[in-house]
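Heads up, the thing below is written out as structure tokens.
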Amino acid sequence: MAKNKVGLPPLDWLRVFEAAGRLGGFSAAAREFGLSQAAVSQRIGNLETWLGRTLFVREARGVSLTIEGESYLPLVQESLIALERNTEDLFGKAPRELRVAGMSSHLNALVMKGMGGFLSDHPKVRVVTDSVAKRSALDEERTWLQIRYGRGSWPGREAKLIALETLAVLAAPTVEWGAPVIDLRGERPGWQEWARRTGHPVPEGARLSVDSMEHALSCAASGSGIILGSLPLAREDLNSGALRKLDLPELSTRDGYWLTWPDDRLHSKKQRKLVMDFHAALSGLMS
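Residue numbers (numbering that gives the first Met the number 0): 0 to 286.
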């Protein structure tokens, strides 16, 4: 393939090439840009003619990068990222909206209670929340800024800790130790693990079993029993006096609540600062 041009190819061709290389095909790149597959193929063909090199191997089952394409892709990606970041930093306006997704209970306990100070500090910013029914749905959620629960390690995502999960024996003010306990099903350590690690006997009399920490906290606050509850999620109930912490050992875990985003997302200094300020507002509530 003869080289016909010198210098920098048109930006549109480079962006389409980057998408096709990153997504692994012309069809996926076409969907990302709202183009036809033929239009994507034409742009990449033009780029190949310009460079005098074949960037993709076309086969019946799809396309794959050539050695030259594999070498060129990271250079194009780094250049596009740098161009976007520097353009935004020099000419872009401060972000006007911050959208965050998470479990409804996590958004309520970790986000909604701390927005007063954040919004006062950022009077031109609008905060929008998107709640999901279950944590697995976050992988398909289009909102890129998310509250997640776990160990802080998700492929392709950065994460900053809001609060580590600590479980404590909680009850309403009128409920004493010895009352029926509430069993919480799920991945958090339960009463058996609490007894094993603290040396206390396993409490008996569980007459209520729930699958949500939010439900467990509500049941305990209504006087229905004693729970092994999340201190970060129970903060508001503890502050208001709806729940109290019994004088019994707490249980630390390796899990926590994290603010996360795709690791290729926060290139703009203004956007990164806004997200860092948002994280500071959330983590400040837990201190």
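Beta carbons: idealized from backbone N, C-alpha and C, even for Gly.
Where residue i falls, given that 16 or more other Cβ within 10 Å makes a residue buried
i      : result
Ala171 : buried
Trp176 : exposed
Met275 : exposed
Val127 : exposed
Gln191 : exposed
Pro261 : exposed
Pro202 : buried
Ala59  : exposed
Gly113 : buried
Ala215 : buried
Met111 : exposed
Backbone CA spacing between residue i and residue j [nearest angstrom]
i      : j      : result
Leu300 : Pro73  : Here the chain has residues from 0 to 286 only, and residue 300 is not among them.
Gly44  : Ser35  : 14 Å
Ser135 : Thr142 : 14 Å
Ser104 : Asp236 : 13 Å
Gln270 : Leu137 : 21 Å
Arg57  : Leu82  : 30 Å
Ala37  : Phe25  : 9 Å
Phe277 : Asn107 : 15 Å
Asp11  : Trp257 : 36 Å
Gly222 : Ser239 : 15 Å
Ser119 : Arg95  : 14 Å
Glu77  : Glu69  : 13 Å
Gly20  : Leu64  : 7 Å
Thr197 : Arg234 : 23 Å
Gly149 : Gly189 : 16 Å
Met102 : His121 : 24 Å
Glu47  : Gly6   : 14 Å
Lys133 : Gly33  : 30 Å
Asp210 : Met285 : 24 Å
Leu109 : Ser40  : 46 Å
Arg253 : Val174 : 29 Å
C-beta atoms of residue i and residue j nearer than 8 Å
i      : j      : result
Gly228 : Ala178 : no
Val62  : Arg42  : no
Glu164 : Gly283 : no
Arg84  : Ser251 : no
Own chain residues within Cβ distance below 6 Å of residue i, not counting five before or after
i      : result
Arg243 : Pro172
Ala18  : Ala28 and Glu31
Ala241 : Ala220
Met212 : Ser229 and Leu232
Arg187 : none
Leu247 : Val168
CB-CB length for residue i against residue j, believed under 8 Å
i      : j      : result
Arg184 : Ser208 : 6 Å
Ile181 : Ala162 : Not really, about 22 Å apart at Cβ, beyond 8 Å.
Glu67  : Thr53  : 7 Å
Leu273 : Leu97  : 6 Å
Ser151 : Leu144 : Strictly speaking, residue 151 in this sequence is Gly, with Ser absent from that position. At roughly 15 Å, the Cβ-Cβ gap does not stay under 8 Å, so Gly151 and Leu144 are not in contact.
Spatial neighbours of residue i in its chain, beta-carbon cut-off 7 Å, leaving aside the 5 residues before and after
i      : result
Ala167 : Gly228, Leu230, Lys244 and Glu249
Gly116 : Ala280
Glu157 : Thr259, Trp260 and Asp262
Tyr71  : Leu54
Gly155 : Pro261 and Asp262
Arg125 : Arg95 and Glu96
Sequence-distant residues of the same chain with beta carbon closer than 8 Å to residue i, five excluded per side
i      : result
Trp153 : Arg147 and Thr259
Glu140 : Ala100, Asp129 and Val131
Leu79  : Leu13, Arg14 and Glu17
Pro200 : Ala194
Ile226 : Val168, Leu169, Ala170, Val180, Ile181, Leu183, Ala215, Leu216, Cys218 and Ala219
The ligand SAH heavy atom lying under 7 Å from the CB of residue i
i      : result
Ser152 : Here there are no bound small molecules, and the ligand SAH is not part of this structure.
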